Each structure stands twice: as C-alpha cells, then as structure tokens.
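J.: First residue of the first sequence: 459, per my numbering; consecutive thereafter.
Glycine included, C-beta positions come from ideal geometry on N, C-alpha and C.
The structure displayed is predicted, hence computed values, not measured ones.
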Amino acid sequence: MNHWLFKSEPETFGIDDLAARADRTEPWDGVRNYQVRNMLRDDIRPGDRIFFYHSNCKVPGVVGLAEVASPPRPDPTAFDPEAKYFDPKSDPDRPRWYLVDVRYIRHLKRTITLAELKQYADGPLEDLPLVRKGNRLSIMPLTETQWNFILALE
DNA sequence: GCCAACGTTGGC
DNA sequence: GCCAACGTTGGC
459 MNHWLFKSEP ETFGIDDLAA RADRTEPWDG VRNYQVRNML RDDIRPGDRI
509 FFYHSNCKVP GVVGLAEVAS PPRPDPTAFD PEAKYFDPKS DPDRPRWYLV
559 DVRYIRHLKR TITLAELKQY ADGPLEDLPL VRKGNRLSIM PLTETQWNFI
609 LALE
C-alpha cells in the first residue's frame, strides 16, 4: 500500500464536500499534468492512503484522510466539449488523462498546516515536494515514514 | 531542438 | 492581489 497527498482547493472541492458525497466517494477528475497523470495511471492503486490537503486558501494544510477507491480509468471530462477540462487531444481510443475514485475516511482532529510542515523541511520532511519551493504537483507520493511522521503531529 | 511568450499554480 | 516558479505552446 502506497501513500499520497492530494491537493484540492476547498472553495472548489473540500474535505467537507467529499464527506457529503454519496458513498463518500468522488472521481478525482481534471488532472492535466503529465507527471501527475503518470502517477494516477501507473502507481496509484485501490487501498492506497491519501492525505487530503487544502490549497490556495487561508490556512493551507492537511485536513483529512481518504483512500483510493478504484483502479485508474480514463478521465471522461477530457472527452466532453462542455467540460471545463475538455482536451480535444484525448480520445476514448487513446485516452490521455486518467483519474481514480477517492473515498473519505475521516477529518483530522485539526489542520496540520503547511507552515508547521515546513518546520521539518530540513529534517524528516526534507524530501517531500510539498515543503520545497516552487513545487506544483497536485498529487505527490509520501514514504511511509513521512506519512507516519505527519500523522503523529495530529 | 531552442527558447520566448504565455498561462497556471498556489503561497503569502 | 501580487508574483515566483514552473509547464506548455509555438515560431523559427
């Protein structure tokens, strides 16, 4: 089982939105970055654990736990001309973009803020892209050690 | 294949 | 709202 951090803007789709969904599950659509696509397609598997992270908001940080609830499959929003993330270069015979379903597990008791995580940028979290300057990955892997370290801060 | 222009991300 | 960092696009 692998560990991941998924970013989402709470004003668009936050942890409360996920918890309110039917089956507490939502397709993680709209990824349009090749590095992230490769992770979705090749490395992210059902049962993997997810830190749900709120970005682009007042207090960015890890706010909850979720899990991967499906194998990867083509992102249907890429085929839909009406969709915000429509990509004419992706077609069902040769899909360019992928997604997985994400299922809510629980809220953290408190937000573990980015500011707090950055305190460990020269220590236990030095290899975590999240705390490095200029990182723009919306999904990133964590080692089990990084995962356990962050969760222990709760 | 280079690289300038442009668009997006996301912290602050 | 600003802007640094980065990815993508497209002319050459």
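Does the stretch 536-548 come close enough to the stretch 494-513 that 3 or more CB-CB pairs lie under 8 Å?
T.: no
J.: As a quick exercise: from V517, D487, M459 and G472, pick the residue whose alpha carbon is nearest that of D559.
T.: Counting from 1 along the first sequence, the entry for residue 559 is found at position 101. Comparing Cα positions, the closest option is D487.
J.: Rounded to whole angstroms, what is the Cα-Cα separation between P530 and L498?
T.: Numbered from 1 along the first sequence, position 72 holds the residue referred to as residue 530. Numbered from 1 along the first sequence, position 40 holds the residue referred to as residue 498. Each residue's alpha carbon lies about 6 Å from the other.
J.: What is the DSSP secondary structure of T470, reduced to helix, strand or coil?
T.: Here residue 470 refers to the residue found at position 12 when the first sequence is read from its first residue. If DSSP states are grouped into helix, strand and coil, T470 belongs with the helices.
J.: Hey, could you find the ends of the alpha helix (DSSP H) Y492 is sitting in?
T.: By 1-based counting over the first sequence, the position of residue 492 is 34. Where Y492 is concerned, the enclosing alpha helix (DSSP H) stretches over Y492 to D500.
J.: Should E525 and R507 be called a contact, given that it needs their Cβ atoms to be closer than 7 Å?
T.: For the purposes of this step, residue 525 is identified with residue 67 of the first sequence, where counting begins at 1. For the purposes of this step, residue 507 is identified with residue 49 of the first sequence, where counting begins at 1. In contact: E525 and R507 (Cβ atoms closer than 7 Å).
J.: Can you tell which of G592, E612 and D481 has its C-alpha closest to the C-alpha of A527?
T.: Within the first sequence, numbered from 1, the residue matching residue 527 stands at position 69. Checking every option, the nearest Cα to that of A527 belongs to D481.
J.: Where does the unbroken beta strand (DSSP E) through A417 begin, and where does it stop?
T.: Shown here, the chain extends from 459 to 612; a query on residue 417 therefore has no answer.
J.: Taking 8 Å as the cut-off, does the stretch 550-566 touch the stretch 591-606 (at least 3 CB pairs, one atom from each stretch)?
T.: no
J.: So, for K567: in the same chain, excluding its five sequence neighbours on each side, which residues have a beta-carbon less than 7 Å away from its beta-carbon?
T.: Counting from 1 along the first sequence, the entry for residue 567 is found at position 109. So the qualifying residues of the chain are E612.
J.: Rounded to whole angstroms, what is the Cα-Cα separation between E540 and F509?
T.: Position 82 of the first sequence, counting from 1, holds the residue named residue 540. Position 51 of the first sequence, counting from 1, holds the residue named residue 509. Whole-angstrom Cα-Cα distance: 31 Å.
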